[in-house]
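K.L.:
Sending over a structure as structure tokens; questions will come in a sec.
Protein chains: 2
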Amino acid sequence: MEPLNVGLLLFLPYRAMEARVFTGLAEAGFDDVTPAQARVFQRISPHGSRLTDLAAQAGVTKQTAGFLVDQLERAGYVDRVPDPADGRARLVRVAERGARSVEASRAIVAQVEAEWTAHLGEHRMVELREILTDLREITDPWR
Amino acid sequence: MEPLNVGLLLFLPYRAMEARVFTGLAEAGFDDVTPAQARVFQRISPHGSRLTDLAAQAGVTKQTAGFLVDQLERAGYVDRVPDPADGRARLVRVAERGARSVEASRAIVAQVEAEWTAHLGEHRMVELREILTDLREITDPWR
DNA sequence: ACCAGATGGTCAGAGTGTCTTACCATCGCC
DNA sequence: GGCGATGGTAAGACACTCTGACCATCTGGT
């Protein structure tokens, strides 16, 4: 009964969460967004983000991020505006349809977290979040 | 300062661990294994596993699993033997080179876990593992 | 004010991973 | 013995990602 490595233990609930969000979004009419697109979309800041930043945070090249943002833009989830602070750059922003999908996914995440809390108990769920937030300091290059 | 959703919090350290293991394996001479291959390889049981089981546990179709196992076999990480219990099936087993790569990755995982323990403290690291193991019961369709 | 290097972004091409559909061989059970 | 379920493969299409090359703009030093 050897314990699994922590990497895999982290992956299993992550994948379960992702799967729930995707099936839920598809049921809510957001059926044209892919996991890869979502991993970029999820990181758009409220004020808009540069492509390069999205790429770095999502862990892909800027070409890949550009490819995915193109699709998100065509599907109406995001738009792009010139960055007033830098003539080379454009800001990717969440568009109207994107905002609606964020609302939908927020509800699904809350539902899944509620199920996890019911299983783990309130205390351990809080603890899990605290520990992971702490761990983020040394595993997320983006603070 | 809204808290991140737990899914993303799980993903960040998972990705960090995966990245560390891959760069470490590449440095140790196992430079031809891809993340997708590893996600299948990691789930091979000590007695050998059927392709269908590997596919289900890795969350891909059996065709995809077969494609990845073909590559692992060509690279010497696994071999396939007929399943004595079922004439249709073959068992995928860890081969000699695969066993060496397992040893290498075990060392890397131990190193990363040691760093995490140093950051979180012994107690919270143990707690993290316990909570994740508990959470596995409702997020891993495979027990 | 200028230039050189750094940075934001795009284009083109290739390779990898994944799925759907279709199919064959064997198994287990009535 | 036959029939539905299961283990596995084949072929084709699509999605994702990378490398290399390139252009436009910015920034800092002189």
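Which chain is which? The protein sequence lines are A and B, in order. Residue 7 in numbering that gives the first Met the number 0 sits at position 8 of the first sequence, and the numbers go up by one each step. Residue 90 in numbering that gives the first Met the number 0 sits at position 91 of the second sequence, and the numbers go up by one each step. Every residue, glycine too, gets a C-beta built ideally from N, C-alpha and C.
Return helix, strand or coil for L24/B, following the three-state DSSP convention.
P.N.:
Helix at L24/B.
K.L.:
Helix or strand or just coil, what does DSSP make of S48/A?
P.N.:
If DSSP states are grouped into helix, strand and coil, S48/A belongs with the strands.
K.L.:
Could you tell me whether the segment 126-135 of chain A touches the segment 93-111 of chain A, using the rule of 3 or more Cβ pairs below 8 Å?
P.N.:
The segment 126-135 of chain A is not in contact with the segment 93-111 of chain A.
K.L.:
Under 8 Å between C-beta atoms, does A98/A make it to chain B?
P.N.:
Not closer than 8 Å to any Cβ of chain B, the Cβ of A98/A fails to qualify, so no.
K.L.:
Report buried or exposed for G97/A, applying the criterion of at least 16 other Cβ atoms within 10 angstroms of its Cβ.
P.N.:
Buried, because 16 or more other Cβ atoms sit within 10 Å of the Cβ of G97/A.
K.L.:
Would you list the one or two residues that DSSP bridges to P81/B?
P.N.:
According to DSSP, P81/B bridges with R89/B.
K.L.:
Please classify D52/A: is it buried, with 16 or more other beta-carbons within 10 angstroms of its beta-carbon, or exposed?
P.N.:
D52/A comes out buried.
K.L.:
Could you check the C-alpha separation between T60/B and P81/A for me, to the nearest Å?
P.N.:
Approximately 42 Å, taken between the alpha carbons.
K.L.:
Return no unless some Cβ of chain A is closer than 8 Å to the Cβ of E121/B.
P.N.:
No, E121/B lies away from the interface with chain A (no Cβ there is under 8 Å from its Cβ).
K.L.:
Do the segment 22-36 of chain B and the segment 25-42 of chain A make contact, defined as three or more Cβ pairs closer than 8 Å?
P.N.:
Contact between the segment 22-36 of chain B and the segment 25-42 of chain A is absent, because fewer than three Cβ pairs lie under 8 Å.
K.L.:
Using the Cα positions of R49/A and P45/B, report the straight-line distance between them to the nearest angstrom.
P.N.:
Looking at the two C-alpha atoms, the distance is approximately 47 Å.
K.L.:
If we call anything under 8 Å between Cβ atoms a contact, is R92/A one with V77/A?
P.N.:
Yes, these two residues count as a Cβ contact at 8 Å.
K.L.:
Mind listing the chain A neighbours of D139/B? Cutoff is C-beta to C-beta under 7 Å, in chain order.
P.N.:
Within 7 Å Cβ-Cβ: L11.
K.L.:
Are the C-beta of M0/B and some C-beta of chain A separated by less than 8 Å?
P.N.:
Because the pLDDT of M0/B is 45, which lies under 50, any placement of that residue in the model is unreliable, and the number read from its coordinates should be weighed accordingly. Not one chain A Cβ lies under 8 Å of M0/B.
K.L.:
To the nearest angstrom, report how far apart M124/A and A113/A are at their CA atoms.
P.N.:
In a straight line, the C-alpha of M124/A is about 9 Å away from that of A113/A.
K.L.:
Whose CA, out of P83/A, D85/A, G47/A and R38/A, lies closest to the CA of F66/A?
P.N.:
When each option's Cα is compared against that of F66/A, the closest is R38/A.
K.L.:
Where R99/B and T63/A are concerned, what is the direct C-alpha to C-alpha distance, given to the nearest angstrom?
P.N.:
If you take the alpha carbons of R99/B and T63/A, they lie about 34 Å apart.
K.L.:
Would a C-beta distance cut-off of 8 Å place Y13/A and F40/B closer than the cut-off?
P.N.:
No, Cβ-Cβ distance for Y13/A and F40/B is not below 8 Å.
K.L.:
Check the Cβ-Cβ distances between R89/A and every residue of chain B, and say whether any is below 8 Å.
P.N.:
No, R89/A does not count as interfacial toward chain B.
K.L.:
Excluding five sequence neighbours on each side, which residues of the same chain lie with their C-beta closer than 6 Å to the C-beta of Q56/A?
P.N.:
R42 and W141, listed in sequence order.
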